[in-house]
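Final position of the sequence shown in the numbering used here is 398; the numbers increase by one with none missing. Structure record follows, encoded as structure tokens.
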Amino acid sequence: MTDREYTVEELLEDSSFRRYAKGRGTAEDIEKWDSWVERGFEQKILFKEASKQLAGFEFRVDVESKIDKAWKKISSKTVSRQRYSFEKRRDRNFHRRIFYLAASVLLILSMVGIGVFQFSQNEEGITNLEQQNEEKIITTDEGEVKTLRFSNGSRIILNSNSSVAYKAGLLQDETIEVSLQGEAWFETDHSNSSAEPFFSISTSEGIIRDIGTEFLVSTSKDDTKVILQDGLVEIEYNLDGQHSADQAITSEIIFVEKGEMVQFRKNKVINRESVNPTFYTSWATGYLEFNKTSIYELAEYVEQRFNVKVIIAQNDLQEITLDGAIYFNSLNGLVRSVTDVIGVPAFRDPESDKVFIGNPNGVDD
Numbered sequence: 034m035t036d037r038e039y040t041v042e043e044l045l046e047d048s049s050f051r052r053y054a055k056g057r058g059t060a061e062d063i064e065k066w067d068s069w070v071e072r073g074f075e076q077k078i079l080f081k082e083a084s085k086q087l088a089g090f091e092f093r094v095d096v097e098s099k100i101d102k103a104w105k106k107i108s109s110k111t112v113s114r115q116r117y118s119f120e121k122r123r124d125r126n127f128h129r130r131i132f133y134l135a136a137s138v139l140l141i142l143s144m145v146g147i148g149v150f151q152f153s154q155n156e157e158g159i160t161n162l163e164q165q166n167e168e169k170i171i172t173t174d175e176g177e178v179k180t181l182r183f184s185n186g187s188r189i190i191l192n193s194n195s196s197v198a199y200k201a202g203l204l205q206d207e208t209i210e211v212s213l214q215g216e217a218w219f220e221t222d223h224s225n226s227s228a229e230p231f232f233s234i235s236t237s238e239g240i241i242r243d244i245g246t247e248f249l250v251s252t253s254k255d256d257t258k259v260i261l262q263d264g265l266v267e268i269e270y271n272l273d274g275q276h277s278a279d280q281a282i283t284s285e286i287i288f289v290e291k292g293e294m295v296q297f298r299k300n301k302v303i304n305r306e307s308v309n310p311t312f313y314t315s316w317a318t319g320y321l322e323f324n325k326t327s328i329y330e331l332a333e334y335v336e337q338r339f340n341v342k343v344i345i346a347q348n349d350l351q352e353i354t355l356d357g358a359i360y361f362n363s364l365n366g367l368v369r370s371v372t373d374v375i376g377v378p379a380f381r382d383p384e385s386d387k388v389f390i391g392n393p394n395g396v397d398d
């Protein structure tokens, strides 16, 4: 069953795969797709691409310029009427052609005037729409993940128990203003050459602006964390903690570099360190990267991510470090991949919610 070759489109149409990719698969689904993903690198790439498109509910947000659409519509009408004016009179006598040519010129001029008027009216209407454009709010419940995909290639993946309010500008390269409570993954189109930030994320502690990048923002009642997986992020926070528009606010800007986690409050940075960003972002990407990662770091990650107990059953595994990367979408898939990476047995005991790495015989629980 797992020997079949799939395209991304076929995976998206497969109900079993959709359940599996969203973390709601049956035992049969998990066994089937875990085996398929582990067949090789090509399957892992297909899984990653399909999972990106199936990460919870997906919202497509059109930020294409409505001004461009209006101008194209008017231009097409003007051109068609010009063509009609000339072609209809092609076979008439010279004098009548001259007469109608003059009339056509007047018609063209009048149509240009009408076009400019219509364009001006549309532009004014768009301005009004922009002024009336209210924030849209997306929320998630326990165990729920939602994806917002924007037409400029950017996307937001909202983790469970979170809320995001956003306002997408009318223009393609306009910064998307976001307010976040909870946790969300932000990803932008690296091929987009816009000089403006893709996202400007406001939290109670400050503002985060991205510069062509992939990063995670996590907020709590006490602070905000930014974990940067790729690119560059700018954080602006207020030194005095004031947010009143009537007062002069002294703020400070810092830049977060790849592989850094910055934790800050309204008036100060409270922690800044180098981390493995995929340990924090894998819930959104299904991707985990190892770079001389100790077996204990992996165990801590699994315990926090899946709320299970990890037991390292062999003392000789303490010196093992891991390198490389794996793709997974479930705890069972991760356990199987770990077995392949370190070359020792790893398995999950479903009755006790424990994960064993190494031979569990003789281990005192």
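In this text, a Cβ means the ideal position worked out from N, Cα and C, and glycines have one as well.
query: Nearest-angstrom Cα separation, counted from L331 out to Q351; result: 12 angstroms
query: Distance between beta carbons of Y199 and E168, contact taken as under 8 angstroms; result: 7 angstroms
query: Cβ distance (whole Å) where L79 is taken to contact Y39 below 8 angstroms; result: 6 angstroms
query: Those runs of the beta strand (DSSP E) which lie wholly inside the stretch 296-369 and span at least 3 residues; result: 302-307, 320-327, 342-345 and 354-360
query: Coarse secondary structure for F50, derived from DSSP in three states; result: helix
query: Collapsed DSSP secondary structure at T172 in the structure displayed; result: strand
query: Buried or exposed (CB count within 10 angstroms, at least 16 for buried), S12; result: Residue 12 cannot be examined here, being either before or after the span of the chain that is shown, 34 to 398.
query: Which listed residue (N365, V289, D256 and D36) has its alpha carbon closest to that of L213; result: D256
query: Residues bridged to W218 [DSSP beta-bridge criterion]; result: I190 and L249
query: Distance, D356 Cα to D36 Cα; result: 28 angstroms
query: Range of the contiguous alpha helix (DSSP H) that encloses K81; result: F74 to Q86
query: V259 - DSSP class collapsed to helix/strand/coil; result: strand
query: For E61, the first and last residue of its enclosing alpha helix (DSSP H); result: A60 to V70
query: Delimiting residues of the beta strand (DSSP E) encompassing K200; result: S196 to K200
query: Helix, strand or coil at T180 [DSSP, three-state]; result: strand
query: Cutoff 7 angstroms; reference F188; Cβ partners in own chain excluding five residues on either side; result: It is Arg, not Phe, that sits at residue 188 in the sequence shown. Hits under 7 angstroms: T180, L181, R182 and E220.
query: Straight-line gap, I244 to W218 (C-alpha atoms, nearest Å); result: 14 angstroms
query: Beta-carbon proximity list for L41, same chain, < 7 angstroms, skipping 5 on both sides; result: Sequence inspection shows Val at residue 41; the Leu mentioned does not correspond to that position. Excluding sequence neighbours, V41 sits near L79, E82 and A83.
query: Cut-off 6 angstroms between Cβ atoms - residues of its own chain near F312, not counting five sequence neighbours on either side; result: Y334
query: In DSSP terms, what K254 is bridged to; result: DSSP, once it has assigned bridges, lists no residue as partnering K254.
query: Assumed close pair K325, D386 - CB separation to whole angstroms, cut-off 8 angstroms; result: Contact doesn't hold; Cβ gap of about 29 angstroms is too wide.
query: Distance, M294 Cα to P310 Cα; result: 8 angstroms
query: Exposed unless 16 or more other CB atoms sit within 10 angstroms - verdict on N362; result: buried
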